[in-house]
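A.B. asks: Pasting in a structure now, in structure tokens, and then I'll have a few things to ask.
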Amino acid sequence: MTGGNVVVIGNGMVGQRFVDALRARDPQRRWRVTVLAEESRPAYDRVRLSAYFDGADEEDLNLHTPHDGVELRLGEPATGVDRSRRVVTTTADEYPYDVLVFATGSYPFVPPVPGTDLPGVFVYRTLDDLAAIRRYAKDRQTGAVIGGGLLGLEAANALRLLGLTTSVVEFAPRLMPVQVDTAGGAMLRRYVEELDVRCHLGVATTALRPGTDGAVVALELADGALVDADLVVVAAGIRPRDELARAAGLDIGPRGGVLVDAACRTTDERIYAVGECAAIDGTCYGLVAPGYAMAEVVADRLVGGTATFPGADTATKLKLLGVDVASFGDAHGATPGCLDVTWTDPATRAYAKLVLSDDASTLLGGVLVGDASAYPTLRASVGGPLPAAPLALLAGDDAVGATAGALPATAQICSCNAVTRADIDTAVADGCADVAALKACTRAGTSCGSCVPMLKQLLDAAGVVQSKALCEHFDVSRQELFDIVRVRGIRTFSQLIAEHGRGRGCDICKPVVASILASLGSGHILDGEQASLQDTNDHFLANLQRDGSYSVVPRIPGGEITPEKLIIIGEVARDFNLYTKITGGQRIDLFGARVDQLPQIWRRLVDAGFESGHAYGKALRTVKSCVGSTWCRYGVQDSVGLAVALELRYRGLRAPHKIKSAVSGCARECAEARSKDFGVIATEVGWNLYLGGNGGFRPRHADLFATDLSTEALITLIDRFLMYYIRTADRLQRTAAWIEAMEGGLDHLRAVIVDDSLGLCAELDAAMARHVTGYSDEWRDVLADADRLRRFTSFVNAPEVPDPSITFVTERGQPVPVGGQPAATPGRQPVALGLPEVRR
Amino acid sequence: MTAAMTLSWVAVCPVDRLDRDRGVAALVDGVQVAIFQTTDGLYAIDNLDPVSGAYVLSRGIVGSRGEAPTVASPLHKQVYDLRTGDCLDLPGVCVARHQVRCHNGMVEVRLRQEG
Numbered sequence: 001m002t003g004g005n006v007v008v009i010g011n012g013m014v015g016q017r018f019v020d021a022l023r024a025r026d027p028q029r030r031w032r033v034t035v036l037a038e039e040s041r042p043a044y045d046r047v048r049l050s051a052y053f054d055g056a057d058e059e060d061l062n063l064h065t066p067h068d069g070v071e072l073r074l075g076e077p078a079t080g081v082d083r084s085r086r087v088v089t090t091t092a093d094e095y096p097y098d099v100l101v102f103a104t105g106s107y108p109f110v111p112p113v114p115g116t117d118l119p120g121v122f123v124y125r126t127l128d129d130l131a132a133i134r135r136y137a138k139d140r141q142t143g144a145v146i147g148g149g150l151l152g153l154e155a156a157n158a159l160r161l162l163g164l165t166t167s168v169v170e171f172a173p174r175l176m177p178v179q180v181d182t183a184g185g186a187m188l189r190r191y192v193e194e195l196d197v198r199c200h201l202g203v204a205t206t207a208l209r210p211g212t213d214g215a216v217v218a219l220e221l222a223d224g225a226l227v228d229a230d231l232v233v234v235a236a237g238i239r240p241r242d243e244l245a246r247a248a249g250l251d252i253g254p255r256g257g258v259l260v261d262a263a264c265r266t267t268d269e270r271i272y273a274v275g276e277c278a279a280i281d282g283t284c285y286g287l288v289a290p291g292y293a294m295a296e297v298v299a300d301r302l303v304g305g306t307a308t309f310p311g312a313d314t315a316t317k318l319k320l321l322g323v324d325v326a327s328f329g330d331a332h333g334a335t336p337g338c339l340d341v342t343w344t345d346p347a348t349r350a351y352a353k354l355v356l357s358d359d360a361s362t363l364l365g366g367v368l369v370g371d372a373s374a375y376p377t378l379r380a381s382v383g384g385p386l387p388a389a390p391l392a393l394l395a396g397d398d399a400v401g402a403t404a405g406a407l408p409a410t411a412q413i414c415s416c417n418a419v420t421r422a423d424i425d426t427a428v429a430d431g432c433a434d435v436a437a438l439k440a441c442t443r444a445g446t447s448c449g450s451c452v453p454m455l456k457q458l459l460d461a462a463g464v465v466q467s468k469a470l471c472e473h474f475d476v477s478r479q480e481l482f483d484i485v486r487v488r489g490i491r492t493f494s495q496l497i498a499e500h501g502r503g504r505g506c507d508i509c510k511p512v513v514a515s516i517l518a519s520l521g522s523g524h525i526l527d528g529e530q531a532s533l534q535d536t537n538d539h540f541l542a543n544l545q546r547d548g549s550y551s552v553v554p555r556i557p558g559g560e561i562t563p564e565k566l567i568i569i570g571e572v573a574r575d576f577n578l579y580t581k582i583t584g585g586q587r588i589d590l591f592g593a594r595v596d597q598l599p600q601i602w603r604r605l606v607d608a609g610f611e612s613g614h615a616y617g618k619a620l621r622t623v624k625s626c627v628g629s630t631w632c633r634y635g636v637q638d639s640v641g642l643a644v645a646l647e648l649r650y651r652g653l654r655a656p657h658k659i660k661s662a663v664s665g666c667a668r669e670c671a672e673a674r675s676k677d678f679g680v681i682a683t684e685v686g687w688n689l690y691l692g693g694n695g696g697f698r699p700r701h702a703d704l705f706a707t708d709l710s711t712e713a714l715i716t717l718i719d720r721f722l723m724y725y726i727r728t729a730d731r732l733q734r735t736a737a738w739i740e741a742m743e744g745g746l747d748h749l750r751a752v753i754v755d756d757s758l759g760l761c762a763e764l765d766a767a768m769a770r771h772v773t774g775y776s777d778e779w780r781d782v783l784a785d786a787d788r789l790r791r792f793t794s795f796v797n798a799p800e801v802p803d804p805s806i807t808f809v810t811e812r813g814q815p816v817p818v819g820g821q822p823a824a825t826p827g828r829q830p831v832a833l834g835l836p837e838v839r840r
Numbered sequence: 001m002t003a004a005m006t007l008s009w010v011a012v013c014p015v016d017r018l019d020r021d022r023g024v025a026a027l028v029d030g031v032q033v034a035i036f037q038t039t040d041g042l043y044a045i046d047n048l049d050p051v052s053g054a055y056v057l058s059r060g061i062v063g064s065r066g067e068a069p070t071v072a073s074p075l076h077k078q079v080y081d082l083r084t085g086d087c088l089d090l091p092g093v094c095v096a097r098h099q100v101r102c103h104n105g106m107v108e109v110r111l112r113q114e115g
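Residue numbers (UniProt numbering), protein chains in the order written: chain A, 1 to 840; chain B, 1 to 115.
This is the structure we're talking about:
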């Protein structure tokens, strides 16, 4: 059967992945999909659930992609399955199916200990659970987590972040008993206890004790100890949700879970089960990667394929309480006769263990605590020969880095999406020439991203040269060019191209160099040789329109403007017959100016106190703001005041691309700050900073970077963010793409501009200080200089004749161009505009 | 042969009025001409951008592609060979060329009629 009604019970990560996978394989839409979800919100990233306590919201975690032909019924749990009628019953309706997929996931196991039903006791599974924990934690002092596994340590960190004195109780003699060995557990315990999380290991919880108000106040342990806890999280494991399947008479695995074969099919051939609820050949997996693999298998089967479950990769890498922990393969050395290579570095507090076959020729598994940088290569090497000597492998990034090319074809490069070396090599042979293409083609690197460095290595190994050359005149990237100009103190294009390039330059490298020179504070952009480098917009300090006329945008910081200034803009527009429009950046654009009119227009504007808005430049554009606490009854901070201050601070700052910003005065976010390169949202006690947002061709929400900052701390971070971007981004690369391409992403950025891991902060701060003190209004400076002014002529031999090609008709009471229509030229072709740059 | 054709040289401006590697527009017998000075010398082409229909080529960035001296349209960045007027990005597209010289310190242009 390759079409009909498929009903999916559950909209967790795996259920959503199944829908995505089916939609990708069923372009004719032969399957109509109904998804029945118990929760009231669509699929979200449960693996990153704890990010909620770092300020991430529902939208950040959202995984749901709408598809046509897919009906999502939220808050409508299935209540029964009638296999004879092939109908699923919910609390609201009945849904007939041709194929049914169980993706019901699991529920938290709560051990049978007295007191787990007391107020103040929670589980850690859904966003609602986390919201309830956050609410309850207010005004409480102590917290405890029952369970020292992966989820328990995440919960412990959450309680810490909520300000509670936190304890962890684990029945096993070490933390994370499933993943790490005794020595790794000991190293982990040192890290955890340094964060003031107390560990009670090898001891059971016997009871939860209520206080006088009936809510929990303490845990009683089997060794007689009493642990204070006003709030308790139970994280003692999960159990598959198989109750519907049981009731429907399907076979169940020996330890629960819907029993399925390698095709993920239950004992009823029309019914499948995927993810944590499925017992595949009897075993349940509580990890997302095997669940995704199952989702792909079922999607393939539904379109007539023969895929089978490839076997689970239970390798895990995560950051717990700031500590990198990874385990993979036979981490506990259960294989008979196996050998351990262990390595402990007390200085960096790293622990590593490799498990090798008895002849030391094959890697079987391992554990890494404190430094997991070798994880991607090691995990991919499991089952094969070691790609390098064991100690070299454990010594760090660089030694391992060169070795991805040595992996066998069967090595799994991306375990999240089950992509092997052979898959990558095939994609490269089919023409994928960079990481972005590999991601799009194979999905490798699109989930956790830890294999992205290996993708680059495999491209290198395949001999794909990822050119960084800016254009035919310079072999180096923009970043390298920036460093050359900065370090060598070069201040002219002719010197730069003579010493570091070839030819005469072009419309690609010249504006790049102009921007670099401007970022480094090299005087007015129209002085000397710099003028010839500028794109026409910068050359005339206005925006070229399709008919050859220009538009003019005076700066209106924060979108705040006096009535007098509004009147001036109106008068100028009227007197020069300009079309006016309010922009998206809270300012006013005046269109239809001829080059010879620009100085006259700006004379009027500058005299009235306006200055250049740099709408023409790859530079800071605007800092939008909502009205903020000054007027708004919801505002908690003065967003307008901050927006004005930020716009004045960064005005005129030249960058690899335009920079937009906004400040919202409360969480309602009326200024749309999260669509900006840097966005600021007020909190009760300060500001949250979001970085890397983007509207445009490929919209992207900015990532939360830091919370509850003072104004001073906020400005320091933005200073460094902008200067680091200016130094290191590619040509025409917005901050969103810059962060996405950055190795290590937001964590790396945080290390550089918060922790000063590169020792750059003082330089970045000084560079911004130079910009702020060196700022001067470009238009005022043009008006004061006859040499700069002489460019603003219609015709060099007839300056009194206005360009006759620029003419207007009236539309809705305003002038609009009649010119700009293409001449009848043979061979004229449509021209693609605004497409993303593929040049590297 | 049409009325727009002229056989005489028309003085446009002193040569020091031109910036190196940047264009200016001139009006010669009603025709908008873009004049450029590069290290190789002077070039003159129509100011009309054949792709957009706007009179803007004098405002493009001057450079080189291989051996060819070039200007890029400031609107949509198609690159033209200043020696031939051929568009190097769109086959079959070209701009009209004109004759230009420096005579007694003055830039002079003579319009050329081209198919």
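Heads up, the beta-carbon is just placed ideally off N, CA and C, and yes, glycines get one too.
Just checking my contact of A/Gly365 with A/Val341 at CB under 8 Å: how many whole Å lie between their CB atoms?
C.D. replies: That belief does not hold up - the Cβ atoms of A/Gly365 and A/Val341 are roughly 12 Å apart, past 8 Å.
A.B. asks: What distance in whole Å lies between the Cβ atoms of A/Gly405 and A/Ala461, which are believed to be in contact at a cut-off of 8 Å?
C.D. replies: So it is a contact: roughly 3 Å between Cβ atoms.
A.B. asks: Leaving out the 5 sequence neighbours to the left and right, which residues in its chain are closer than 8 Å to A/Ile806 when beta-carbon positions are compared?
C.D. replies: Once the five neighbours on either side are set aside, the close Cβ partners of A/Ile806 are Asp547, Gly548, Ser549, Gly592, Arg594, Pro817 and Gly819.
A.B. asks: Look at the alpha carbon of A/Pro111 and the alpha carbon of A/Gln179, and state the distance between them as a whole number of angstroms.
C.D. replies: Taking the straight line from one Cα to the other gives about 21 Å.
A.B. asks: Tell me which residue opens and which closes the alpha helix (DSSP H) that A/Thr810 is part of.
C.D. replies: Segment Phe808 to Glu811 is the beta strand (DSSP E) holding A/Thr810; no alpha helix (DSSP H) there.
A.B. asks: Considering only C-alpha positions, which residue in the set A/Glu480, A/Arg654 and A/Tyr375 is nearest to A/Val452?
C.D. replies: Minimum Cα distance to A/Val452 is reached at A/Tyr375.
A.B. asks: So which residues on chain B does residue 853 of chain A lean against when the C-beta distance must stay under 8 Å?
C.D. replies: What is shown of chain A runs 1 to 840, which leaves residue 853 of chain A out entirely.
A.B. asks: Are B/Ile45 and B/Ala34 closer than 8 Å when you measure CB to CB?
C.D. replies: The answer is yes: Cβ separation under 8 Å.
A.B. asks: Within 8 Å of any Cβ in chain B, is that where the Cβ of A/Asp475 sits?
C.D. replies: No, A/Asp475 does not count as interfacial toward chain B.
A.B. asks: In chain order, which continuous runs of the alpha helix (DSSP H) of length 4 or greater are located wholly inside the segment 169-225 of chain A?
C.D. replies: Entirely contained in the segment 169-225 of chain A, the alpha helix (DSSP H) runs reaching 4 residues are, in chain order, 182-194.
A.B. asks: With C-beta atoms as the reference, is B/Val109 less than 8 Å away from B/His98?
C.D. replies: Yes.
A.B. asks: Which runs of the alpha helix (DSSP H) spanning at least 4 residues fall entirely within the segment 281-313 of chain A, listed in chain order?
C.D. replies: Correct list: 288-302.
A.B. asks: Output the boundary residues of the alpha helix (DSSP H) element that contains A/Phe482.
C.D. replies: Taken as a continuous stretch (DSSP letters only), the alpha helix (DSSP H) holding A/Phe482 covers Arg478 to Arg488.
A.B. asks: I believe A/Val640 touches A/Glu560 by the beta-carbon criterion, under 8 Å. Please report the beta-carbon distance rounded to the nearest angstrom.
C.D. replies: Contact flag correct, Cβ pair sits at about 6 Å.
A.B. asks: So what does A/Ser551 bridge to, in DSSP terms?
C.D. replies: According to DSSP, A/Ser551 bridges with A/Asn543 and A/Phe591.
A.B. asks: For B/Val10, I'd like the list of residues in its chain whose CB is within less than 6 Å of its CB, leaving aside the five on either flank, ordered along the chain.
C.D. replies: The answer, listed in chain order, is Val28 and Val109.
A.B. asks: Which residues of chain B have a Cβ atom closer than 7 Å to the Cβ of A/Lys510, listed in chain order?
C.D. replies: Going along chain B in sequence order, the residues near A/Lys510 (Cβ under 7 Å) are Ile61 and Gly63.
A.B. asks: For A/Arg654, which residues of its own chain have a beta-carbon under 6 Å away from its beta-carbon, when the five flanking residues on both sides are left out?
C.D. replies: Hits under 6 Å: Ser515, Ala518, Ser519 and Ala619.
A.B. asks: Within 10 angstroms of the Cβ of B/Ala26, are there 16 or more other Cβ atoms? Answer buried if so, exposed if not.
C.D. replies: Its Cβ being crowded by 16 or more others within 10 Å, B/Ala26 is buried.
A.B. asks: Beta-carbon within less than 6 Å of A/Gln829's beta-carbon, same chain only, minus the 5 sequence neighbours each way: which residues are those?
C.D. replies: Caution is warranted here: a pLDDT of 42 is assigned to A/Gln829, below 50, making its placement in the model unreliable, and no coordinate value can be reported.
A.B. asks: Nearest CA to the CA of A/Ala279: which residue from A/Asp242, A/Arg125, A/Tyr292 and A/Asp300?
C.D. replies: When only C-alpha atoms are compared, the closest one is A/Asp242.
A.B. asks: So what does DSSP say about A/Leu363, is it helix, strand or coil?
C.D. replies: Here A/Leu363 sits in strand by DSSP.
A.B. asks: Might you give, ordered along the chain, the residues of its own chain that have their beta carbon closer than 8 Å to the beta carbon of B/Cys13, omitting 5 neighbours on each side?
C.D. replies: Around B/Cys13: Val24, Ala26, Met106 and Val107.
A.B. asks: Exposed or buried, which one is A/Glu269 when buried takes at least 16 other CB atoms within 10 Å?
C.D. replies: Flag for A/Glu269 reads exposed.
A.B. asks: Do A/Thr166 and A/Ala156 count as a contact pair if the criterion is CB distance below 8 Å?
C.D. replies: In contact: A/Ala156 and A/Thr166 (Cβ atoms closer than 8 Å).
A.B. asks: Based on Cα-Cα distance, which residue from A/Asn797, A/Gly503, A/Arg41 and A/Ser629 lies nearest to B/Gly66?
C.D. replies: The shortest C-alpha separation from B/Gly66 is found at A/Gly503.
A.B. asks: Helix, strand or coil for A/Phe328 per DSSP?
C.D. replies: In the structure shown, A/Phe328 sits in a strand (DSSP, three-state: E or B).
A.B. asks: Determine, using beta carbons only, whether B/Val27 comes closer than 8 Å to chain A.
C.D. replies: Note that residue 27 of chain B corresponds to Leu in the displayed sequence, not to Val. Chain A contact via Cβ: present.
A.B. asks: Would you say B/Val15 faces chain A, with C-beta separation under 8 Å as the test?
C.D. replies: B/Val15 does not count as touching chain A.
A.B. asks: Please look up how many angstroms separate the CB atoms of A/Leu100 and A/Val113, rounded, as I've assumed it's under 8 Å.
C.D. replies: Contact doesn't hold; Cβ gap of about 36 Å is too wide.
A.B. asks: Does the CB of B/Ser8 have a neighbour CB from chain A at under 8 Å?
C.D. replies: Taking Cβ atoms only, chain A never reaches closer than 8 Å to B/Ser8, which makes this a no.
A.B. asks: DSSP three-state label for B/Tyr43, please.
C.D. replies: Three-state result, B/Tyr43: strand.
A.B. asks: Tell me where the beta strand (DSSP E) around B/Gln32 begins and ends.
C.D. replies: Val31 to Thr38 is the extent of the beta strand (DSSP E) around B/Gln32.
A.B. asks: Tell me which residues share the same chain as A/Trp779 and place their Cβ nearer than 8 Å to its Cβ, disregarding the 5 neighbours each side in the sequence.
C.D. replies: Closer than 8 Å at the Cβ level, and outside the excluded window around A/Trp779, lie Leu541, Trp602, Leu605, Val606, Glu611 and Ser612.
A.B. asks: Taking A/Val796 as the query, report the chain B residues whose CB atoms sit under 7 Å from its CB, ordered along the chain.
C.D. replies: Under the 7 Å cutoff, chain B gives Val12, Cys13, Arg17, Val24, Ala25 and Ala26.
A.B. asks: Can you tell me the Cα-Cα spacing of A/Lys496 and A/Asp483, whole angstroms?
C.D. replies: For the sequence presented, residue 496 of chain A should be read as Leu rather than Lys. If you take the alpha carbons of A/Leu496 and A/Asp483, they lie about 12 Å apart.
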